[in-house]
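Participant: Each residue of the sequence shown is one higher than the last, beginning at 1 in full-length UniProt numbering.
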Amino acid sequence: MTDFGTQSPHFSAQVAGRQMYDAETIRPEEDDKADLSRMVRSIWVRKYIVFGCILGFAVLFFAFAAFQPKQFTANTTVMLDARGQQIVSLQEQVVGDLKLDNPLVESEVTVLRSMALLHTAIENIGVDRFDTLFGEDGFEYFEDSLIPKETQRLNFIADKLSEGINVYRVGESYVIAVSVMTTDAELSAVVANALVDAYINDQLNDRQTMANSATRWLQDQVEEARQHVVAAEATVEDFKRQLLLSSGASEEVLQQQLAELNQQLALARSERATEEARLSQTLALKDSQGAIAVAETLDVPYVTAMREARQELLRKDAALSSSLGANHPDRRNLAKEVSEIDANIATEVDNILRGYDGRIEVLVNREEALSKDVANLQSKLSALASSSLRLRQLEREAEAARLRFDELLTRLGMTQAQVEIQRADAKIINPASIPQVPSAPRVKLMTMFGGAIGMTIGLVTVLIMEMMRGGFATVRQLESATGLPVMTVLPSAEVKSPKDIISLLNSRGYHLLNERIRQLRVMLPIATRKQKNCYMLLSSDPNEGKTSTAVALAHAHAKAGASTILVDLDNRRGSLQAEFTDGQLVDLSNYFNGEVPIDEAIIKGQQTLFDITGASHQHAMIADSVSGEQLRKMVEELKARYDVVVIDAPPILAVSDGLQIAPVVDWVLYLVRWRFTSEKSVKYGLDTLQNVGVRNIGLVLTMVDVREDPDGYAQKYDYH
Numbered sequence: 001m002t003d004f005g006t007q008s009p010h011f012s013a014q015v016a017g018r019q020m021y022d023a024e025t026i027r028p029e030e031d032d033k034a035d036l037s038r039m040v041r042s043i044w045v046r047k048y049i050v051f052g053c054i055l056g057f058a059v060l061f062f063a064f065a066a067f068q069p070k071q072f073t074a075n076t077t078v079m080l081d082a083r084g085q086q087i088v089s090l091q092e093q094v095v096g097d098l099k100l101d102n103p104l105v106e107s108e109v110t111v112l113r114s115m116a117l118l119h120t121a122i123e124n125i126g127v128d129r130f131d132t133l134f135g136e137d138g139f140e141y142f143e144d145s146l147i148p149k150e151t152q153r154l155n156f157i158a159d160k161l162s163e164g165i166n167v168y169r170v171g172e173s174y175v176i177a178v179s180v181m182t183t184d185a186e187l188s189a190v191v192a193n194a195l196v197d198a199y200i201n202d203q204l205n206d207r208q209t210m211a212n213s214a215t216r217w218l219q220d221q222v223e224e225a226r227q228h229v230v231a232a233e234a235t236v237e238d239f240k241r242q243l244l245l246s247s248g249a250s251e252e253v254l255q256q257q258l259a260e261l262n263q264q265l266a267l268a269r270s271e272r273a274t275e276e277a278r279l280s281q282t283l284a285l286k287d288s289q290g291a292i293a294v295a296e297t298l299d300v301p302y303v304t305a306m307r308e309a310r311q312e313l314l315r316k317d318a319a320l321s322s323s324l325g326a327n328h329p330d331r332r333n334l335a336k337e338v339s340e341i342d343a344n345i346a347t348e349v350d351n352i353l354r355g356y357d358g359r360i361e362v363l364v365n366r367e368e369a370l371s372k373d374v375a376n377l378q379s380k381l382s383a384l385a386s387s388s389l390r391l392r393q394l395e396r397e398a399e400a401a402r403l404r405f406d407e408l409l410t411r412l413g414m415t416q417a418q419v420e421i422q423r424a425d426a427k428i429i430n431p432a433s434i435p436q437v438p439s440a441p442r443v444k445l446m447t448m449f450g451g452a453i454g455m456t457i458g459l460v461t462v463l464i465m466e467m468m469r470g471g472f473a474t475v476r477q478l479e480s481a482t483g484l485p486v487m488t489v490l491p492s493a494e495v496k497s498p499k500d501i502i503s504l505l506n507s508r509g510y511h512l513l514n515e516r517i518r519q520l521r522v523m524l525p526i527a528t529r530k531q532k533n534c535y536m537l538l539s540s541d542p543n544e545g546k547t548s549t550a551v552a553l554a555h556a557h558a559k560a561g562a563s564t565i566l567v568d569l570d571n572r573r574g575s576l577q578a579e580f581t582d583g584q585l586v587d588l589s590n591y592f593n594g595e596v597p598i599d600e601a602i603i604k605g606q607q608t609l610f611d612i613t614g615a616s617h618q619h620a621m622i623a624d625s626v627s628g629e630q631l632r633k634m635v636e637e638l639k640a641r642y643d644v645v646v647i648d649a650p651p652i653l654a655v656s657d658g659l660q661i662a663p664v665v666d667w668v669l670y671l672v673r674w675r676f677t678s679e680k681s682v683k684y685g686l687d688t689l690q691n692v693g694v695r696n697i698g699l700v701l702t703m704v705d706v707r708e709d710p711d712g713y714a715q716k717y718d719y720h
């Protein structure tokens, strides 16, 4: 944002280069950022609207709440028990515990809200107890209705009470809260507790009724099953006696004998297979490696002794081989002894192999005998099995009847136990107590709520007013829209006439308007680079501070020591002569008509530091009666006599006089009223000036409310 006391960057750059302003060559940066601080200041300026809305709505809501009847709320909480006490097995429960989940909890909440449960609670309390709340006279009976009067009254009370009953689940827990709100504190607590008691009693009654029905049914089933078991067992015993008489032995004895024979047969087969395997391995070893190799695998003392003797002879022969030849008598004797031992070992191995054959033959004969015994016994069992098939079928039927009887008997015992130990699936964890203070209306809360609504409406109203305001709010917006520099920003001032401007500028102490006029006065000579200058003040529409700014600028130049004249060419609304003079009759109208020289049309400053001249408003517009050459001549003559010439011209969109005057001045100051002059008016006026050849144009943002302006902090500065 541009500070009040800071020159535009475009302005400074062009002054340094001694260039003229040209809207086509200047492209200020767009200001498209949301200015939150400016919005806050705008709200603060209109704070009385916000405060008024807050106060008004707070009073309205307070009055509304204060006249409402007092309501008392009693609260009680019930917890659904998910633990399920295991007094009996879950499989034996006639009425199972609740398997709590979200749908089931919500279902229980719905049950607590039901009208049927509320009717039960009202009946438990007593209908007459509610006469103090609703009154007998406030109830209208329908004489032609088929519903009895007592039922109609009960329905009426329930409908009224339901409006103040709220049942809800506490968070994600298994706790259900019940609140009852009425105008009677004691009755609120009574209804809340009665409603919960009715809910729990209803659970117990349902479970008790179901358990009793199940007990009676099971008793009948148990008696029927007992009779069936007795008959089935008697049939089995009769058939066993008949079977034993016909077979001479029971099936169990035959099965035991068959098992023993099968065991002996299996053992004989195993021994035979072992002996055959051993014989086969020994023969294979003998064929491949000889009897000596077989002897090494046998654990027979005689064979072992011969093997050791043979090894000893071989060691001796090996010892002699190092010194004696193979034909030496000692070595031949040793070889002969080894041969004799080998022959003995071979003979013994053959004897052992013949022993294996004998044992195998014995085992084969035993196996054949056992097989015959097993076959005979199996034949007996097969004959007995055909007779026992019916027995086993009868035994299965008896066993099934016995199992069913036991199951029903156990079930009956469990059900009878449940009749005595029934418990509800919910319990009261916080009974309702009589409320001591009313829960509604909450006067303070309603008042605060009304204030909050009022503040919201007030803020929205202020923001809508802010958004609906037209014109330019910041220097950056104005520069971006026009492409021209803003030379200064003038704050609004409480003045009623041009004289008040002079008084304000002459007052002691710091004033922001005075500093901004000084800023404008200092910047203008820098822009023109001339010793003597003529400035014309223009605006798009009336009431944009043009005359006040012209007086202030002329006063500032005169106060700085420059000879200054203020020319009032706003002949339709000219008031400066009447304001600062004693009514001189000669003015610029006479000068333009050639009646007097320029000196006689000038009014010397009597109440001001600067001189004044102008054309009276009785004459026609300058554009119709004065040529451009006459205006140029007037400006030259005035510049010859004064250092600064300030011309107050009429609004450019109202009359065309400004277009006639603008080309002959050194600088045009185009005034734009803050938040008032539309962008369309400003652009049209500037385009019109450029079309007549005016290039030296500077903008002045006037009548700015420093409380809302983003750079309004400058108003707080002061000298000490």
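Quick reminder that beta carbons are idealized off the backbone N, C-alpha and C, glycines included.
Looking at C-alpha atoms only, which residue of V551, L279, Y591, V175 is the closest neighbour of L104?
Facilitator: Along the sequence shown, read from residue 1 onward, the residue named residue 104 stands at position 104. It is V175 whose Cα lies nearest to the Cα of L104.
Participant: Between the region 55-63 and the region 429-436, do at least 3 Cβ pairs fall closer than 8 Å?
Facilitator: no
Participant: By how many angstroms is the C-alpha of A273 removed from the C-alpha of Q257?
Facilitator: Along the sequence shown, one-based indexing puts residue 257 at 257. Along the sequence shown, one-based indexing puts residue 273 at 273. Cα to Cα, the separation comes out at about 24 Å.
Participant: To which residues of the same chain is E579 closer than 8 Å at the C-beta, ignoring the five residues directly before and after it?
Facilitator: In the sequence shown, residue 579 corresponds to position 579, counting from 1. Around E579: S497, P498, K499.
Participant: Between D611 and I603, what straight-line distance do the alpha-carbon atoms span, to the nearest angstrom?
Facilitator: Residue numbering aside, residue 611 sits at position 611 when the sequence shown is read from its first letter. Residue numbering aside, residue 603 sits at position 603 when the sequence shown is read from its first letter. D611 and I603: Cα-Cα distance of roughly 6 Å.
Participant: Only counting runs of 4 or more residues, tell me where the alpha helix (DSSP H) segments fall wholly within the region 461-533, in order along the chain.
Facilitator: 475-482, 498-506, 512-528
Participant: Rounding to the nearest angstrom, what Cα-Cα distance links T25 and G483 in this structure?
Facilitator: Taking the sequence shown and counting its residues from 1, one reaches residue 25 at position 25. Taking the sequence shown and counting its residues from 1, one reaches residue 483 at position 483. Low per-residue confidence applies at T25: pLDDT is 37, beneath 50, and the placement is therefore not dependable, though the value from the model is reported in the following sentence. Cα to Cα, the separation comes out at about 8 Å.
Participant: What's the C-alpha gap between T347 and S280?
Facilitator: Position 347 of the sequence shown, counted from the first residue, corresponds to residue 347. Position 280 of the sequence shown, counted from the first residue, corresponds to residue 280. Straight-line Cα distance between these residues: approximately 18 Å.
Participant: Taking the runs of the beta strand (DSSP E) that are 3 residues or longer, which of them lie wholly in the region 378-456?
Facilitator: 426-430
Participant: Does the distance from the CB of Y684 to the CB of T564 come in under 8 Å?
Facilitator: For the purposes of this step, residue 684 is taken as residue 684 along the sequence shown, with counting starting at 1. For the purposes of this step, residue 564 is taken as residue 564 along the sequence shown, with counting starting at 1. For Y684 and T564, no; Cβs fall outside 8 Å.
Participant: With DSSP collapsed to three states, give me the class of V668.
Facilitator: Translated into the one-based positions of the sequence shown, residue 668 becomes position 668. Strand at V668.
Participant: Considering only C-alpha positions, which residue in the set S492, G561, I157, K546 is nearest to V522?
Facilitator: To locate residue 522, count along the sequence shown from 1; it is residue 522. Considering only alpha carbons, the answer is G561.
Participant: Determine the burial state of L283: buried for a count of at least 16 other Cβ atoms within 10 Å of its Cβ, exposed for fewer.
Facilitator: For the purposes of this step, residue 283 is taken as the residue at position 283 of the sequence shown. Per the 10 Å Cβ criterion, exposed.
Participant: According to DSSP, is L653 helix, strand or coil?
Facilitator: Position 653 of the sequence shown, counting from 1, holds the residue named residue 653. Correct three-state label for L653: coil.
Participant: Please go through the same chain and pick out, in chain order, the residues whose beta-carbon is closer than 8 Å to the beta-carbon of D32, but skip the five residues on each side of it.
Facilitator: Working through the sequence shown from its first residue, we reach residue 32 at position 32. Model confidence at D32 stands at a pLDDT of 46, short of 50, so the residue's coordinates are unreliable; what they give is reported in the following sentence. Excluding residues within five positions, none has a Cβ falling inside 8 Å.
Participant: Opposite R310 in the DSSP bridges: which residues?
Facilitator: Residue numbering aside, residue 310 sits at position 310 when the sequence shown is read from its first letter. Beta-bridge pairing links R310 to no other residue.
Participant: Alpha carbon to alpha carbon, how far is L403 from Q242? Give it in angstroms, no decimals.
Facilitator: Stepping through the sequence shown from its first residue, residue 242 is reached at position 242. Stepping through the sequence shown from its first residue, residue 403 is reached at position 403. Between Q242 and L403, the C-alpha separation is close to 26 Å.
Participant: Per DSSP, what kind of secondary structure is R169 in: helix, strand or coil?
Facilitator: By 1-based counting over the sequence shown, the position of residue 169 is 169. Three-state DSSP puts R169 in a strand.
Participant: If distances are taken between C-alpha atoms only, which option among R129, T151, Q221, N124 comes closest to D184?
Facilitator: The residue labelled residue 184 in the question sits at position 184 within the sequence shown. Per the Cα distances, R129.
Participant: If you draw a straight line from the alpha carbon of S145 to that of M115, how long is it in whole angstroms?
Facilitator: The count along the sequence shown starts at 1 and reaches residue 145 at position 145. The count along the sequence shown starts at 1 and reaches residue 115 at position 115. One C-alpha to the other measures close to 20 Å.
Participant: Taking just the CA atoms, how far does L659 sit from V700?
Facilitator: Looking up residue 700 in the sequence shown gives position 700. Looking up residue 659 in the sequence shown gives position 659. Distance between the alpha carbons of V700 and L659 is about 19 Å.
Participant: Measuring only the C-alpha atoms, how far is R27 from R476?
Facilitator: Within the sequence shown, residue 27 is the residue found at index 27, counting from 1. Within the sequence shown, residue 476 is the residue found at index 476, counting from 1. For R27, the pLDDT reaches just 40, beneath the cut-off of 50, and the residue's location in the model is therefore unreliable, leaving the point undetermined.
Participant: Whose C-beta lies closer than 7 Å to the C-beta of P441 among residues of the same chain, with five residues either side of it excluded?
Facilitator: Here the question's residue 441 lines up with position 441 in the sequence shown. Here the set comprises A65, Q68.
Participant: Please name the residue in I457, V167, L261 whose C-alpha comes closest to that of A375.
Facilitator: Looking up residue 375 in the sequence shown gives position 375. The shortest Cα separation from A375 among I457, V167, L261 belongs to L261.
Participant: List the whole-angstrom C-beta distance separating L320 from R331, where the pair is believed to meet the contact cut-off of C-beta under 8 Å.
Facilitator: Counted from its first residue, the sequence shown places residue 320 at position 320. Counted from its first residue, the sequence shown places residue 331 at position 331. Sure, about 5 Å apart at Cβ, within 8 Å.
Participant: Would you identify the three-state DSSP class for N212, choosing helix, strand or coil?
Facilitator: Taking the sequence shown and counting its residues from 1, the one referred to as residue 212 is at position 212. Looking at N212 - three-state DSSP - the assignment turns out to be helix.
Participant: May I ask which residues mark the beginning and end of the alpha helix (DSSP H) holding G685?
Facilitator: Along the sequence shown, one-based indexing puts residue 685 at 685. Per DSSP, G685 belongs to the alpha helix (DSSP H) from 679-691.
Participant: Take the Cβ of W44 as the centre, count every other Cβ of all protein chains shown within 10 Å, and call the residue buried at 16 or more, exposed below.
Facilitator: Taking the sequence shown and counting its residues from 1, one reaches residue 44 at position 44. When all chains shown are included, W44 counts as exposed.
Participant: Taking the continuous alpha helix (DSSP H) assigned at G56, which residues delimit it?
Facilitator: Your numbering for residue 56 matches position 56 in the sequence shown. It spans 47-66 - the alpha helix (DSSP H) in which G56 sits, taken as one unbroken run.
Participant: From R707 to V40, what does the alpha carbon distance come to, in whole angstroms?
Facilitator: The residue you call residue 707 lines up with position 707 of the sequence shown. The residue you call residue 40 lines up with position 40 of the sequence shown. If you draw a straight line from the Cα of R707 to the Cα of V40, it is about 10 Å long.
Participant: Please work out which residues of its chain come closer than 8 Å, Cβ to Cβ, to F405, disregarding the five sequence neighbours upstream and downstream, and give them in chain order.
Facilitator: Position 405 of the sequence shown, counted from the start, is the residue given in the question as residue 405. Around F405: V222, A225, R226, H228, V229.
Participant: Assuming I661 contacts L631 (C-beta within less than 8 Å), just tell me the rounded distance between them.
Facilitator: The sequence position of residue 661 within the sequence shown is 661, counting from 1. The sequence position of residue 631 within the sequence shown is 631, counting from 1. Yes, they are in contact, since the Cβ atoms of I661 and L631 sit about 6 Å apart, within 8 Å.
Participant: Identify whether R707 lies in helix, strand or coil by the three-state DSSP scheme.
Facilitator: For the purposes of this step, residue 707 is taken as residue 707 along the sequence shown, with counting starting at 1. In the structure shown, R707 adopts coil according to DSSP, grouped into three states.
Participant: How big is the Cα-Cα spacing for N102 and L112?
Facilitator: As a first step, residue 102 must be located in the sequence shown, where it is residue number 102. As a first step, residue 112 must be located in the sequence shown, where it is residue number 112. The alpha-carbon atoms of N102 and L112 are separated by roughly 16 Å.
Participant: Going by DSSP, what residue range makes up the beta strand (DSSP E) through D101?
Facilitator: Counting from one through the sequence shown, the residue named residue 101 turns up at place 101. Per DSSP, D101 lies in no beta strand (DSSP E) segment and is marked neither H nor E.
Participant: Where do the ends of the beta strand (DSSP E) carrying I598 lie?
Facilitator: Within the sequence shown, numbered from 1, the residue matching residue 598 stands at position 598. From DSSP, I598 is part of no beta strand (DSSP E); its letter is neither H nor E.
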